[in-house]
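Counting from 1 along the sequence shown, just add 2 to a position and that's the residue number in this note's numbering. Every residue gets a Cβ at the ideal spot worked out from N, C-alpha and C, and that includes glycine. Here is the structure we will look at, set down as structure tokens.
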Amino acid sequence: MLREYYRRALKTLGYKTERKFISEAIERIEASWGEKNLFVIEAPTGYGKTTITISLALMTCEEAGKLIVAYPLRTLLEDQYSKLRNVVNDLRLGKRYMHEESSPYLIKPITLTTVDTLSLTMFGLAPEDLNVVVRGWEEDRFVNTSRGHYLFSWSSVMMSDIVLDEVHLVAEESKSLTFLTAMLEHIISHDQRVVFMTATMPTRFKELILDSLRRFRDRVEWMEFRGSAEEDEYIASRLEKKPEIHIRRLGSDAKFDTIRGWLDDALERGFRRVLIVFNTVGEAVSFYRNLEGYENRLLIHSRFTEGDRLRKHEELQRLKSGGDYIIVATQVVEAGLDLSSNALITDLAPMCSTIQRFGRLLRYEGEREGVAYVWYESDLGGDRQIYKVYDRGLCAATLDALREAERGNVSLHVPSGERGYKLLLDRVYQDADLRINYQKIDKMLSVFTNLGDISKAVDLFFEMEGSFVRESALVPVRCPEMKDEVSVEMRVFERLLKEGLVKGQIVENGEKGIHECLPSWLSEGSTTLQGSLTRKIIKHIHNAGVKAFIVEGSYNSEYGLELGVRVDGA
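In structure tokens:
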């Protein structure tokens, strides 16, 4: 039956032909849906994995099921939501993440959400109830103030089939990989169905996941794309794409001038769809400001309000329909964004991210000629463990691997075969410092199954510093002229505190909120609390009902939030 829904999805989306591997994956899912629990699909960027999600959504609607689709990035969620709206009745479709509550408790038949929101809801800590639950925990360490909603949250997830898209983005750090493994063990134990999809899954990630699930191996269906040019027209067309690839080392003094020179050269050569990707928001904004006078330009990063984020998405669709554009962005463009450039200029990033960025170069059929520049800076060879926001060792290993692509020996558009990128991907990540914390998994599983007392979930929430998935929790902030908040990572917020740039807070008071001064311990926290500061900030946010902290900076709809100090490695 799933195959019929797949055909309907293709027709609705206007696709004329089936993808060979996707068709095979659909058949395997259909054949073993009643016997297996975990279905993993590895397929190249731009291959059409979204049609699997849409097929499952159609099946959910027709057969009175329930489906949760989780994404690592909100930009990816919005892009996919716009496609699903063309297929599914709006009354059955909803979203749930920060500032978007059309599916509270993930209750609608089909809900698109973030991995962060899914993780909270799985633990019975739905965002709708988190503040009141934490207050109850602070009072007596035994939560009886959630009005039983934690059971509702838990069951909302447990009654659903789950799709997790771009799963490699949730497996690149030990913390997120640990949550992923715990979630899988819990879901399989309760005979649910979960579908993972990815374009870049290093063999090391796969081995770690499968080893942790070894007692469930017979309930896992792992489907890895291994197509060749002879067997698959997609691969043949991808191998025809031959962009020039240049790798350059840049000094910080003339970096922007050099990048703008590459941009001008690309435009002069007729490559007029340009994507420029920076690793930090600060650098992306600074470079974008240097492009005054260039037409059809757009800046995309994570520090826009929700309304402006949606307007950016609409503007991007308009630019795509016009044909020429210059997109300056950060990592938010890496996954799921249906965008094709013929000139890519990007900062060095780990191999998974780099392949995703190249997936936005010559993405569409018939596009063959283009140019790409990958730059890295002198501090890549320094003593610090971090290059910008990434692991320095992974970036250095990626740089070595990319030399093969620069020489034309490897295609970054094709995973398999003699010229496929999978061997490079595995080379980069074979020695990555990734570990699954089995002690933490045991704690998570005990929380999942302890229905009588949610306090253990709150204990674990604080122990993991406000996120079951992210290494750094997100903190809501505004500058004085803003009406809505944006989120910054905890490490960024703590730096703002240290620099004295956090000026106050807005706490819940109906819909409006009221301004307050910071508590004295928080304004002095960066020097007096040290290691406990992160947890105390998280507790304070939920106890006091903080909607946002007031920070020094500026905001407008074109540039987003610009903070009063460089805090993100730029």
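Straight through space, the alpha carbons of Val-330 and Leu-114 are spaced by roughly 27 Å. Around the beta carbon of Met-446, 16 or more other beta carbons sit within 10 angstroms, so the residue counts as buried. The alpha-carbon separation between Val-165 and Ile-43 amounts to approximately 11 Å. Residues of the same chain with a CB within less than 7 Å of the CB of Thr-200, apart from the 5 flanking positions on each side, are Glu-44, Glu-168, Val-169 and His-170 in chain order. Here His-542 has Pro-521, Leu-524 and Val-548 as same chain residues with Cβ atoms under 8 Å from its own Cβ, once five neighbours each way along the sequence are excluded. Of Leu-58, Val-471 and Asp-92, the smallest CA-CA separation from Ser-176 is found for Val-471.
By the Cβ neighbour-count rule, Thr-202 is buried, with 16 or more other Cβ atoms within 10 Å of its own. In terms of Cα proximity to Arg-405, the closest of Ile-237, Glu-32 and Ile-247 is Ile-247. When C-alpha distances from Ser-342 are compared across Ala-238, Leu-321 and Glu-26, the shortest belongs to Leu-321. Met-199 has Ile-43 and Asp-167 as its beta-bridge partners, per DSSP. Around the Cβ of Pro-111, a 10 Å sphere holds 16 or more other Cβ atoms; the residue is buried. Bounds of the beta strand (DSSP E) holding Trp-377 are 373-379.
For Arg-206, the secondary structure class from DSSP, reduced to helix, strand or coil, is helix.
Per DSSP, the unbroken alpha helix (DSSP H) holding Lys-442 starts and ends at 440-450. Scanning its chain for C-beta atoms nearer than 6 Å, with the 5 sequence neighbours on each side dropped, one finds around Gly-96 the residues Ser-104, Ser-105, Lys-110 and Thr-113, in chain order. For Gly-309, the uninterrupted alpha helix (DSSP H) run begins and ends at 308-324, by DSSP.
Beta-bridge partners of Arg-480 (DSSP): Ile-552.
With respect to Met-225, Arg-30 sits close: the two C-beta atoms are nearer than 8 Å. A residue is called buried when at least 16 other Cβ atoms come within 10 angstroms of its Cβ; Tyr-366 does not meet this threshold and is exposed. For the pair Asp-381 and Tyr-389, the CB atoms are nearer than the 8 Å cut-off. Leu-114 carries a strand assignment under DSSP once its states are collapsed to helix, strand and coil. In the DSSP annotation of this structure, the continuous segment of the alpha helix (DSSP H) that includes Val-287 starts and ends at 283-291.
When DSSP states are grouped into helix, strand and coil, Leu-132 belongs to the helix group.
Of the other Cβ atoms in all chains shown, fewer than 16 fall within 10 Å of the Cβ of Met-3; this residue is therefore exposed.
Unbroken beta strand (DSSP E) stretches of 3 residues or longer found wholly inside the segment 336-360: 345-349, given in chain order. Shortest Cα-Cα distance from Leu-462 to any of Glu-187, Arg-262 and Val-136 involves Val-136. Residue burial is scored here from C-beta neighbours: Leu-312 has fewer than 16 other C-beta atoms within 10 angstroms and is therefore classed as exposed. Here Leu-265 is not near Trp-377, since their CB atoms are 8 Å or more apart.
The beta carbons of Arg-271 and Asp-326 sit no closer together than 8 Å. A straight line joining the alpha-carbon of Asp-402 with that of Glu-297 spans about 36 Å. When secondary structure is reduced to three states using DSSP, Ile-278 falls in the strand class. The Cβ neighbour count for Gly-324, taken over all protein chains shown within 10 Å, is under 16; the residue is labelled exposed.
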